[in-house]
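Following: one structure in structure tokens, then a few remarks.
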Amino acid sequence: MMKKIIRRIHFVAFFLATLLANSQTLPEPNTPWVKIFSEEFDGNAVDTNDWIVRNNERQGFSTNSLDVSNGTLKINNTYPTGGRPVGGWIESRRKPIGDERYGYYEARVRITADPNGKIWPTWWIWGKNFRNGAPGPTATEFDLMEYSGFAKKFFENKATTSHHYSEKRVLNGKTKIDASIESVRTRNAFEWHTWGMYWSPTEVSFYYDGVKYLTSDQPIDAANDPYDMSLILSCSPHTIDVVDYNSGAGGFQPNNVDQATAAQPSQTLPSFEIDWVRVWSLGSTVGTNDCQGLPNEVCQRINIANTNFKVQTVGESCDGNTNGKINIEATEQLAYTATIEGTSNSKNFETSTSFDGLENGAYIVCITADGLADFKQCFEVVIKESNAANIDLSIYNVSEN
101 MMKKIIRRIH
111 FVAFFLATLL
121 ANSQTLPEPN
131 TPWVKIFSEE
141 FDGNAVDTND
151 WIVRNNERQG
161 FSTNSLDVSN
171 GTLKINNTYP
181 TGGRPVGGWI
191 ESRRKPIGDE
201 RYGYYEARVR
211 ITADPNGKIW
221 PTWWIWGKNF
231 RNGAPGPTAT
241 EFDLMEYSGF
251 AKKFFENKAT
261 TSHHYSEKRV
271 LNGKTKIDAS
281 IESVRTRNAF
291 EWHTWGMYWS
301 PTEVSFYYDG
311 VKYLTSDQPI
321 DAANDPYDMS
331 LILSCSPHTI
341 DVVDYNSGAG
351 GFQPNNVDQA
361 TAAQPSQTLP
371 SFEIDWVRVW
381 SLGSTVGTND
391 CQGLPNEVCQ
401 RINIANTNFK
411 VQTVGESCDG
421 NTNGKINIEA
431 TEQLAYTATI
441 EGTSNSKNFE
451 TSTSFDGLEN
461 GAYIVCITAD
471 GLADFKQCFE
481 VVIKESNAAN
491 IDLSIYNVSE
501 N
């Protein structure tokens, strides 16, 4: 006797607002990114629980130069007649060392107007040292976005990016790697953009709006640096005699700008404005992935299409034998968990799995992907006494026998 077999597949997917409507993304397995720091500057002052604020006009920095308002930090620059040039400086209290340093660092910043080389705004990561040429300890320095009179003089008024090697040692004939002239021409520090850096034991790469543009040739040198590192946002007028950041004493800067380009007393100078600073770490716990905001190259993503899963049901050979089966196959090899709703019956799998020993009846099977709580696909199937029937999810049809 012909029996009517109805296979109904109901597709349910919950998507993050930032993702395409017909796909879901998640990091590669075993790359658990964790956001460990986020400064949005939503208050009315710099949070001194997170930041150390320099307040010494002899060193060229004052708390009066910092303005937190309307969701951004403005570091203002002044050079009064008869006074000292003054800007602002904040550095992170959190100073990760060793493997804790590895991750992705990013800030959204801009210079409020073209200063024509008269200010020195920088978004950088530094292990502390003395002024170039002075005695004392030196450490790795990453300048993610640096503009100054040197940018005006040597880089066509474009912001630069650099990795200064630890101890200022000469490696392959140089002490640092800079972005090329051709490269800096493609970036604009006078508008809002994100400037980031990916740091691992084997790579140091720099990003602009999520696109990689420079990779250091000496990542191992940075990995071997023993100094703890600080996130720094600083800006001050660029003058002929540069104030030493540590001693507060003035001094000659090699190849400094000429007097016409340098900041002059009583000039109105633009500000360095920061929207936010965020840091992700390569964590160690699978399931804590947080890729939102990271460049694709840093936090690799895999699209999971709506038709990624195929379901095959096998009915009981005879009613009451309890030998029905639901088979599941996945096109993309990832870490999944399939669960029969309303039961404790679940299976972990990467490419395929099955639920055996099932009675005739209706079942809802839901599949999740490890590391992304908002991803879920559910399938409703009905098992009846029958032979195996393949279900093509790209059709979503109702078939009858």
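In short: position in the sequence shown from 1, add 100, done, that's my numbering. Just so it is clear, CB atoms sit at the ideal spot from N, CA and C, and this is done for glycine as well.
About 34 Å separates the beta carbon of Tyr-204 from that of Ala-363, a gap too long to meet the 8 Å contact definition. Between Thr-451 and Gln-433, the CB-CB gap stays under 9 Å.
Judged by beta-carbon spacing, Ala-207 lies within the 9 Å limit of Asp-375, meaning their Cβ atoms are closer than that value.
At a cut-off of 3 residues, the continuous stretches assigned as beta strand (DSSP E) that sit fully inside the stretch 232 to 274 are 241 to 246 and 260 to 264.
Looking at the backbone, the Cα of Ala-289 and that of Ser-300 are separated by about 26 Å.
The beta-carbon separation of Thr-181 and Glu-373, rounded to 26 Å, does not stay under the 8 Å limit for a contact.
Looking at the DSSP output, Val-379 bridges to Phe-137 and Tyr-205. For Val-284, the enclosing alpha helix (DSSP H) begins and ends at 281 to 284. Exposed is the label assigned to Ser-366, since fewer than 16 other Cβ atoms lie within 10 Å of its Cβ. The C-alpha of Pro-221 is placed about 18 Å away from the C-alpha of Arg-285. Ile-190 and Leu-331 have their C-alpha atoms roughly 8 Å apart. Contact between Gly-187 and Ser-381 does not hold, since their C-beta atoms are separated by about 30 Å, which reaches or exceeds 8 Å. Counted as a single uninterrupted DSSP element, the stretch harbouring Ile-428 is not any alpha helix (DSSP H) but the beta strand (DSSP E) occupying residues 424 to 430.
Across the structure, His-338 and Lys-218 are spaced so that their CA atoms are roughly 5 Å apart. Assignment of Gln-367 by DSSP, reduced to helix, strand and coil, places it in the coil class. Between Thr-240 and Ser-266, the CB-CB gap stays under 9 Å. With 16 or more neighbouring CB atoms inside 10 Å of its own CB, Glu-246 falls in the buried class. Apart from the 5 residues on each side of it in sequence, Thr-422 sits with its Cβ closer than 8 Å to the Cβ of Glu-416, Gly-457, Leu-458 and Glu-459 in its chain, given in chain order. Across the set Leu-244, Ala-322 and Ile-136, the C-alpha of Leu-244 shows the shortest separation from the C-alpha of Ser-334. Residue state for Glu-480 is assigned as strand, using DSSP reduced to three classes.
Assignment of Pro-319 by DSSP, reduced to helix, strand and coil, places it in the helix class. With 16 or more other CB atoms across the displayed protein chains lying within 10 angstroms of its CB, Thr-413 is buried.
Its Cα nearest to that of Asn-176, the residue Pro-215 stands out among Glu-429, Tyr-313, Asn-448 and Pro-215. In the DSSP assignment, Ile-225 falls within the beta strand (DSSP E) that extends over 222 to 226. In the DSSP assignment, Lys-276 is bridged to His-264. Per DSSP, reduced to three states, the secondary structure at Asn-156 is strand. The shortest CA-to-CA distance from Ala-360 to any of Trp-224, Trp-151, Ile-340 and Ile-426 is the one to Ile-340.
Annotation for Tyr-463: the continuous beta strand (DSSP E) segment containing it runs 461 to 469.
For the set Lys-484, Val-482, Ile-483 and Ile-467, the Cα lying nearest the Cα of Lys-476 is the one of Ile-467. Following the DSSP letters along the chain, one finds Asn-448 inside the beta strand (DSSP E) bounded by residues 446 to 449. Residue burial is scored here from C-beta neighbours: Glu-291 has fewer than 16 other C-beta atoms within 10 angstroms and is therefore classed as exposed.
Relative to the Cα of Asn-324, the nearest Cα in the group Ile-281, Trp-133, Thr-261 and Thr-302 belongs to Thr-302. Note on Pro-370: 16 or more other CB atoms within 10 angstroms of its CB, so buried under the neighbour-count rule.
For Lys-195, there is no enclosing beta strand (DSSP E), since its DSSP letter is neither H nor E. Distance from the CA atom of Arg-210 to the CA atom of Glu-157, rounded to whole angstroms, is 24 Å. Linking Val-146 to Ser-280 through their CA atoms gives a straight-line distance of about 34 Å.
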